[in-house]
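So the structure is just underneath, and the comments pick up after that.
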Amino acid sequence: MRYLLRKLGFYAVAAWMAVTVNFFLPRLIPGDPVEMMLARQAQSGPVEAGQEEALAAMLGLGHGNLLVQYGDYLRALAHLDFGLSVTYFPSPVTEVVGDAVPWTLVLVGAATLLSVALGLTLGTLAGWRRGSWFDSLVPSTTFLAAIPYFWLALLLLYLFSQVWGVLPLGGGYDETLDIGLSGAFLTSAAEHAVLPAATIVLSSVGGWMLGMRNMMVSTLAEDYVVAAEAKGLPPRTIMVGYAARNAVLPSVAGFAISLGFIVSGSLVMEIVFSYPGMGFTLLQAVQNTDYPLMQAVFLVITFGVLAANFLVDLVYGFVDPRTRQAR
Amino acid sequence: MTAPTVPTVPTLPTTPRATGRGWLRPALRSRRFAAGLALLAVFVLTAALGPWLADDPNAFTADLGQAPSGAHWLGTTQTGQDVFAQLVVSARGTLLIGAASALIATVVSVVVGIGGGFLGGLADEALSLISNVFLVIPGLPLVIVVSAYVKGGGAWSTILVIALTSWAASARVLRAQTLSLRTRDYVLAARVYGEKRWRIVLVEILPNELAIIVSQFIFAVIFAILTQAGLAFLGLADPSHLTWGTMLYFAQNAEALTSGAWWWFIPPGLCIAALGTALSLISFGLDEVLDPRLRVRKVSP
Amino acid sequence: MSDDADDVVLRAEHISVTYEGERPTHAVRDVGFELRRGELLGIAGESGCGKSTLAYAVARMLGPPARLTEGRVVHRDRAGAETDLLALEGEALRSFRWSRLSVVFQSAMNALNPVTTVGRQFDDIFRAHRPRMRRPERYERARALLDMVGIDPARVRAYPHELSGGMRQRVVIAMALALEPEIVIMDEPTTALDVVVQREILDEVQRLRDDLGFSVVFITHDLSLLLEISDRLAVMYAGSIVEYGPAERIAADPAHPYTQGLLRSFPDLAGERRALRGIPGSPPDLREALPGCPFAARCEHAFAPCATTPPTLVPLAPGTSAACHLHTVARTGPRPEEGRQP
Numbered sequence: 000m001r002y003l004l005r006k007l008g009f010y011a012v013a014a015w016m017a018v019t020v021n022f023f024l025p026r027l028i029p030g031d032p033v034e035m036m037l038a039r040q041a042q043s044g045p046v047e048a049g050q051e052e053a054l055a056a057m058l059g060l061g062h063g064n065l066l067v068q069y070g071d072y073l074r075a076l077a078h079l080d081f082g083l084s085v086t087y088f089p090s091p092v093t094e095v096v097g098d099a100v101p102w103t104l105v106l107v108g109a110a111t112l113l114s115v116a117l118g119l120t121l122g123t124l125a126g127w128r129r130g131s132w133f134d135s136l137v138p139s140t141t142f143l144a145a146i147p148y149f150w151l152a153l154l155l156l157y158l159f160s161q162v163w164g165v166l167p168l169g170g171g172y173d174e175t176l177d178i179g180l181s182g183a184f185l186t187s188a189a190e191h192a193v194l195p196a197a198t199i200v201l202s203s204v205g206g207w208m209l210g211m212r213n214m215m216v217s218t219l220a221e222d223y224v225v226a227a228e229a230k231g232l233p234p235r236t237i238m239v240g241y242a243a244r245n246a247v248l249p250s251v252a253g254f255a256i257s258l259g260f261i262v263s264g265s266l267v268m269e270i271v272f273s274y275p276g277m278g279f280t281l282l283q284a285v286q287n288t289d290y291p292l293m294q295a296v297f298l299v300i301t302f303g304v305l306a307a308n309f310l311v312d313l314v315y316g317f318v319d320p321r322t323r324q325a326r
Numbered sequence: 000m001t002a003p004t005v006p007t008v009p010t011l012p013t014t015p016r017a018t019g020r021g022w023l024r025p026a027l028r029s030r031r032f033a034a035g036l037a038l039l040a041v042f043v044l045t046a047a048l049g050p051w052l053a054d055d056p057n058a059f060t061a062d063l064g065q066a067p068s069g070a071h072w073l074g075t076t077q078t079g080q081d082v083f084a085q086l087v088v089s090a091r092g093t094l095l096i097g098a099a100s101a102l103i104a105t106v107v108s109v110v111v112g113i114g115g116g117f118l119g120g121l122a123d124e125a126l127s128l129i130s131n132v133f134l135v136i137p138g139l140p141l142v143i144v145v146s147a148y149v150k151g152g153g154a155w156s157t158i159l160v161i162a163l164t165s166w167a168a169s170a171r172v173l174r175a176q177t178l179s180l181r182t183r184d185y186v187l188a189a190r191v192y193g194e195k196r197w198r199i200v201l202v203e204i205l206p207n208e209l210a211i212i213v214s215q216f217i218f219a220v221i222f223a224i225l226t227q228a229g230l231a232f233l234g235l236a237d238p239s240h241l242t243w244g245t246m247l248y249f250a251q252n253a254e255a256l257t258s259g260a261w262w263w264f265i266p267p268g269l270c271i272a273a274l275g276t277a278l279s280l281i282s283f284g285l286d287e288v289l290d291p292r293l294r295v296r297k298v299s300p
Numbered sequence: 000m001s002d003d004a005d006d007v008v009l010r011a012e013h014i015s016v017t018y019e020g021e022r023p024t025h026a027v028r029d030v031g032f033e034l035r036r037g038e039l040l041g042i043a044g045e046s047g048c049g050k051s052t053l054a055y056a057v058a059r060m061l062g063p064p065a066r067l068t069e070g071r072v073v074h075r076d077r078a079g080a081e082t083d084l085l086a087l088e089g090e091a092l093r094s095f096r097w098s099r100l101s102v103v104f105q106s107a108m109n110a111l112n113p114v115t116t117v118g119r120q121f122d123d124i125f126r127a128h129r130p131r132m133r134r135p136e137r138y139e140r141a142r143a144l145l146d147m148v149g150i151d152p153a154r155v156r157a158y159p160h161e162l163s164g165g166m167r168q169r170v171v172i173a174m175a176l177a178l179e180p181e182i183v184i185m186d187e188p189t190t191a192l193d194v195v196v197q198r199e200i201l202d203e204v205q206r207l208r209d210d211l212g213f214s215v216v217f218i219t220h221d222l223s224l225l226l227e228i229s230d231r232l233a234v235m236y237a238g239s240i241v242e243y244g245p246a247e248r249i250a251a252d253p254a255h256p257y258t259q260g261l262l263r264s265f266p267d268l269a270g271e272r273r274a275l276r277g278i279p280g281s282p283p284d285l286r287e288a289l290p291g292c293p294f295a296a297r298c299e300h301a302f303a304p305c306a307t308t309p310p311t312l313v314p315l316a317p318g319t320s321a322a323c324h325l326h327t328v329a330r331t332g333p334r335p336e337e338g339r340q341p
């Protein structure tokens with residue numbers, strides 16, 4: 000229990016820091032961002048009264064001293080009042096973000112799970128049968144891991160959609176279809192997800208595999224594995240229940256680091272494939288200096304990663320009984 | 000921007016010794032290390048000598064968008080610039096940014112990680128908290144957003160931003176090792192006979208963590224190069240500073256791949272991958288030397 | 000315990016083990032011994048003498064870089080059928096393991112899987128060897144085994160890190176007895192524990208032997224302990240057995256200078272006070288070929304043949320043998336070249 004509370008506390012601090020960094024960032028902009036934003040909004044349509052206040056609060060540049068501004072900012076956040084998006088005017092930012100989240104969640108979530116499962120399994124087998132042909136896979140996966148995500152993505156896109164015409168050119172789904180749970184839509188969505196997912200998996204499976212393989216090799220030298228063999232347990236039981244079960248722990252613990260990278264990589268990937276997720280939205284926001292949208296996306300991504308990390312910590316506490324001991 | 004390998008910490012010696020002496024020859028016996036070193040040497044030589052030997056990468060010629068030929072070994076860009084010349088000159092730019100970012104990140108991580116681990120107590124808790132927060136907040140979104148706010152700034156802003164988002168992982172690893180070393184007998188002995196704390200760190204602890212620091216530095220370089228490529232690709236880096244990443248940016252903007260100009264698009268990516276592979280091989284080779292269990296050994300009958 | 004030489008349950012002959020490397024180490028050199036049904040055979044020797052390696056070789060637990068270069072290990076079951084242990088492979092080896100011969104490892108702390116419960120680990124053993132046992136039966140048997148070694152059966156749901164060192168050692172012993180094997184090899188089972196717990200565990204082992212009747216090969220550097228608990232005793236030095244015989248005889252009248260030196264090194268609680276003397280020098284480097292007797296450099300009785308001719312085990316009395324020129328030259332002329340079993 001203490002373990003969980005400590006972790007919760009930590010994530011609270013991390014979240015607070017992210018929020019605060021976000022608060023200070025607009026100050027880096029030369030000039031008055033609020034004026035700039037209002038001017039741009041005015042170009043697209045009449046600006047409502049109260050918009051200026053809301054905008055100022057969101058960017059942390061309202062009236063009053065620093066503390067008051069900070070308070071207004073936090074209040075605006077709590078009400079999820081991010082204002083209207085410039086890029087997708089007049090949709091509120093929350094709506095834009097809300098539309099993008101499921102795409103990222105499904106794509107990144109599925110690809111990550113696949114990558115982890117594949118990587119850990121291959122790593123277990125490679126570590127178990129060290130010296131066999133599995134080990135010769137290692138240099139190739141190293142090479143794959145050194146390839147820039149987006150470059151690989153573009154290459155695959157070029158090959159599969161232009162040269163061979165098998166898969167779609169980009170986007171999340173066929174634009175002519177309505178979003179919904181129809182068979183046609185789901186098929187289209189699946190088709191469009193193949194390349195982005197494949198890119199994520201190809202680039203990241205090497206890391207998981209190598210980490211697991213090295214840990215397996217270390218673990219196989221441990222006394223309890225030797226003892227398990229002496230006990231005449233079947234090799235499968237030893238490989239999975241005694242070796243892999245222990246070897247996987249650092250991978251779970253290190254998931255936090257990996258998750259940050261996976262999210263980062265998939266952002267760029269969405270941009271390459273024009274996949275309608277958070278990364279794509281972020282880029283749109285950056286290119287249109289849509290500060291409210293940028294801030295919202297950043298916070299959502301950050302909070303999402305923190306939540307995922309917390310989940311993984313929960314899993315770790317479950318998987319390694321030694322952490323459950325009260326200290 | 001790739002999932003990094005979960006770092007395996009090499010086993011540390013139980014008696015103090017400088018890792019410097021006599022590690023090169025056994026390292027060279029590792030095929031991975033030798034291969035990686037050879038490949039890296041190619042790149043370093045290119046970076047050092049290339050710009051003098053190659054043509055001017057920015058010179059516009061009349062040969063627009065041509066495939067590889069005798070005159071232009073890797074063809075030309077849309078505006079007639081020689082791709083091979085660009086590739087060679089970019090090596091220097093890429094390596095410099097990679098090395099600089101990694102160096103700064105490593106220095107910070109050494110100070111925070113070893114310092115915190117050694118000092119213990121409140122200082123350690125605070126430093127550890129900061130590292131973990133930096134670790135958990137996803138790097139690229141932060142980098143993108145900061146870069147968007149701070150337009151311009153040249154290569155240095157890229158270097159600093161990358162260093163800022165990559166020091167934390169290494170710091171955590173070093174801290175864990177320092178905590179473990181702190182209780183070793185020779186460190187305790189040094190404290191007992193009153194050796195100054197900074198001397199203990201410098202003389203007893205640092206040399207024994209050298210292997211890990213080198214390994215972390217290598218991965219930091221790989222990470223920096225990949226991140227810089229990504230930033231450049233998104234248009235968030237200084238385009239006048241020629242790197243493989245900016246080459247890809249220009250290539251993509253000119254729709255090189257879709258228009259079939261593969262000679263412009265593929266080589267820079269391949270170079271990044273090759274350099275990353277070389278560095279990884281060096282790191283794994285060193286790991287093998289330091290932790291014999293990792294060596295690929297044929298299972299005996 | 001039977002003196003009948005026909006009731007041998009395990010026989011090892013000419014075991015040699017080498018650790019491969021740039022300079023191979025010959026850890027075990029032409030060793031043989033016999034284990035009788037129900038007896039406790041002690042193997043004593045200092046660190047590095049090869050006793051653990053010998054045990055691992057017999058139990059087929061050697062892994063690279065260690066390699067068995069020659070030898071034969073034969074198991075005889077109650078009906079007299081013999082099995083060549085070293086010839087077993089695959090499934091045959093797997094099912095032989097633990098059900099006929101089990102091992103209690105040094106430092107039990109690490110012999111238990113840290114992420115699963117004790118009960119689960121018992122379960123693994125039963126599922127691997129007794130496929131017809133059903134889950135409630137397996138559970139009950141695990142509890143019964145814990146009870147047998149003096150641990151609260153409720154601990155079957157505990158994780159290893161929740162148990163003390165002594166308790167973990169008992170669990171490991173319980174696991175070793177789970178399938179009621181005929182032979183249990185114990186490698187320094189109590190070295191990592193404090194003396195009080197050590198005594199408890201040893202008493203427990205004695206009691207279990209009385210109840211269940213298995214044979215034990217007990218390996219330790221603590222000769223005084225072995226003199227107390229062993230039926231027969233083998234003293235190892237530099238990879239070979241230098242003395243072999245009933246414990247009482249060795250205690251009363253050690254034949255080999257090394258054994259004499261060992262006995263002189265610790266005080267006798269009940270006996271007379273005397274000056275303690277250690278053995279000067281240190282054991283030889285096992286990477287070298289050893290011309291002559293490996294103990295010659297440290298032996299105060301060394302004479303002409305010791306430096307050039309390696310002594311072989313020669314019987315001195317029924318059931319006792321020693322590898323020392325002092326006993327061979329004095330008795331016979333030329334010695335037979337081959338090592339002979341007692």
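Residue numbers (numbering that gives the first Met the number 0), protein chains in the order written: chain D, 0 to 326; chain X, 0 to 300; chain U, 0 to 341. Glycine included, each C-beta is placed from N, C-alpha and C at the ideal position.
For the segment 37–63 of chain U, the set of residues with a beta-carbon nearer than 7 Å to any beta-carbon of chain D comprises Ala58 and Met60, in chain order.
Residue burial is scored here from C-beta neighbours: Trp51(X) has fewer than 16 other C-beta atoms within 10 angstroms and is therefore classed as exposed.
For Leu139(X), at least one C-beta of chain D is nearer than 8 Å to its own C-beta. Across the set Ala122(X), Gly116(X), Ser165(X) and Val88(X), the C-alpha of Ser165(X) shows the shortest separation from the C-alpha of Ala101(X).
Listed along chain D are Asp222, Tyr223 and Ala226, each with a C-beta nearer than 9 Å to that of Leu111(U).
Nearest CB-CB separation between Trp150(D) and chain X: below the 8 Å threshold. Look at the segment 131–165 of chain U: the residues with a C-beta under 7 Å from a C-beta of chain D are Tyr158 and His160. Residue pairing of Ser15(U) in beta bridges, as defined by DSSP: Glu69(U).
Scanning the segment 250–316 of chain U from its first residue to its last, the whole beta strand (DSSP E) runs of 3-plus residues come out as 313–316. In this structure Val204(D) does not touch Gly316(D) by the C-beta definition: roughly 26 Å separates them, more than the 8 Å allowed. Of all residues in the segment 137–164 of chain D, those with a C-beta nearer than 9 Å to a C-beta of chain X are Val137, Pro138, Thr141, Phe142, Leu143, Ala144, Ala145, Ile146, Pro147, Tyr148, Phe149, Trp150, Leu151, Leu153, Leu154, Leu156, Tyr157 and Gln161, reading in chain order. Within chain U, Asp123, Arg126 and Ala127 have C-beta atoms less than 9 Å from the C-beta of Thr236(D), given in sequence order. Under a criterion of Cβ atoms nearer than 8 Å, no residue of chain D is adjacent to Ala253(X); the nearest Cβ is some 13 Å distant. Interface flag for Val107(X) against chain D is unset, since no Cβ pair is found closer than 8 Å.
In the structure shown, Ser165(X) adopts helical secondary structure according to DSSP, grouped into three states. If you look at Arg137(U), you'll find it in the alpha helix (DSSP H) that goes Arg134 to Met147.
In the assembly as shown, Asn112(U) is a buried residue. Its beta-carbon has 16 or more other beta-carbons within 10 Å. Val103(U) is bridged by DSSP to Met185(U). Closer than 8 Å at the C-beta level to chain D, one finds these residues of the segment 105–129 of chain X: Leu128. Non-local C-beta neighbours of Pro91(D) in its own chain, meaning closer than 6 Å and more than five positions away in sequence, comprise Leu83, ordered along the chain.
Between the C-alpha atoms of Ala223(X) and Ala98(X) there is a straight-line separation of about 8 Å. The beta carbons of Asp83(U) and Arg71(U) sit closer together than 8 Å.
Contact between Gly171(D) and Pro275(D) holds, with the beta-carbon distance rounding to 4 Å and staying under 8 Å. In the DSSP secondary-structure assignment, Thr82(U) is bridged to His74(U). Here the alpha carbons of Gly268(X) and Thr245(X) stand approximately 11 Å from one another. In this structure, DSSP gives Val241(U) an extended state, which the three-state scheme calls strand. Here DSSP, grouped into helix, strand and coil, assigns Ser160(D) to helix. DSSP places Ser139(D) inside the alpha helix (DSSP H), whose first and last residues are Leu136 to Ala145. Pairing Arg131(U) with Ile124(U), the inter-Cα distance amounts to about 13 Å.
Less than 8 Å separates the beta-carbon of Met185(U) from that of Val215(U). One finds Pro113 and His160 in chain U with Cβ atoms closer than 7 Å to the Cβ of Arg321(D), taken in chain order.
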